[in-house]
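A short worksheet on the structure shown next.
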Ligand code: AMP
Ligand code: MG
């Protein structure tokens, strides 16, 4: 990796959502975009379509789908099925919708794949760690150690008899979908919008995105890789049509304690926030998988995380370590052009290779 890369940090920039294009003749496809807060994060929906009313109907259907999912998976909403599972920890099985059961089933698969780095039962530790700025002291290590004993995805038990049941085996256990819910929601919103005839669109679920088809000008969807010193300056573009791009990082939610930055991603083995990386971006076809893997790789760290990604077909990643140095999985190439091109064109170009 070239030295200059050290000073570049990843930023997800969506081209088309922001590039309202002048309309020449109609009907020609145009971008319709709506941004709003869902799941506590900034979401954006973009539909490229010549029919305005269809585009807005699809966007509203996508929003409704995310709202529906939030009601099922939120651990803040006391009326959600997830909250009921948490209340019944150590007490009894809770009957849930198949949708939630299946999501937990898939989450456990990711735990297995990542050796427990991804674990929805991390949430036992969220009673200690607050990443909303309210924490002022480093928590007591005995309390942290006690919370770890309540984290174990093997003890999230699924049973299918007359219905779909979930049981957290120990009192004090808790599950949360913070690391996978937005990806799942993005996938679902896309499905709903596609079913309505949207062939070109993008869902940005709080920085976790999935896009399909193309932009209004016929170009592929792209993400930008930006210079941290000037985040408006894009260093390299990457075509990501048909793909999900999800970033886990320590920049959005964190706690500053004794001058140190603690990321909101917990290492389930220790109960302490994971350290070593600034951000992990995972690119693959499925936003839920990308979401879960980005969090897992953040916990696993550079070498183990990259080794895992390199084993997975169709999954690529870009990692930025604490020093700001870039590392990519085998098939992502960030090409450096030694000359700055005229007209302020990027010096960098990124591309995803093709698996042999
Ligand atoms: P993400 O931004 O997708 O990496 O998700 C981070 C969020 O996932 C945190 O705010 C927590 O809600 C949750 N989380 C933290 N650590 C873990 C972990 N090891 N496994 C699963 N979820 C986690
Ligand atoms: Mg995630």
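Numbering (our numbering), first residue to last: 27 to 382. Ideal Cβ positions, reconstructed from N, Cα and C, are used throughout, including at glycine.
- Between residue 68 and residue 75, the C-beta gap is not smaller than 7 Å, which leaves the two residues out of contact.
- For the alpha helix (DSSP H) assignment, the uninterrupted runs of no fewer than 4 residues enclosed by the stretch 297 to 366 are, from N- to C-terminal side, 313 to 326 and 328 to 337.
- The beta carbons of residue 345 and residue 328 sit closer together than 7 Å.
- DSSP places residue 68 in the strand class (E or B) of the three-state scheme.
- Within the DSSP bridge table, the entry for residue 121 names 191 as partners.
- Per DSSP, the unbroken alpha helix (DSSP H) holding residue 219 starts and ends at 207 to 221.
- Counting along the chain, residue 184 sits inside the beta strand (DSSP E) bounded by residues 182 to 186.
- Below 8 Å, too few C-beta pairs join the stretch 84 to 99 and the stretch 172 to 186 to call them touching: fewer than three.
- In this structure, residue 116 and residue 195 form a Cβ contact; the two beta carbons are roughly 7 Å apart against a cut-off of 8 Å.
- Residue range 78 to 99 is occupied by the alpha helix (DSSP H) that includes residue 82, with no beta strand (DSSP E) assigned at that position.
- With a cut-off of 6 Å, the C-beta of residue 307 is classified as distant from ligand 2, since no heavy atom of the ligand falls inside that distance.
- The three-state secondary structure of residue 245, taken from DSSP, is coil.
- Note: residue 272 is bridge-paired with 308 in the DSSP secondary-structure output.
- Contact holds between the stretch 298 to 315 and the stretch 330 to 343, because three or more Cβ pairs, one in each stretch, are under 8 Å apart.
- Within its own chain, the residues whose Cβ lies closer than 6 Å to the Cβ of residue 190, once the five positions on either side in sequence are excluded, are 122, 124 and 127, listed in chain order.
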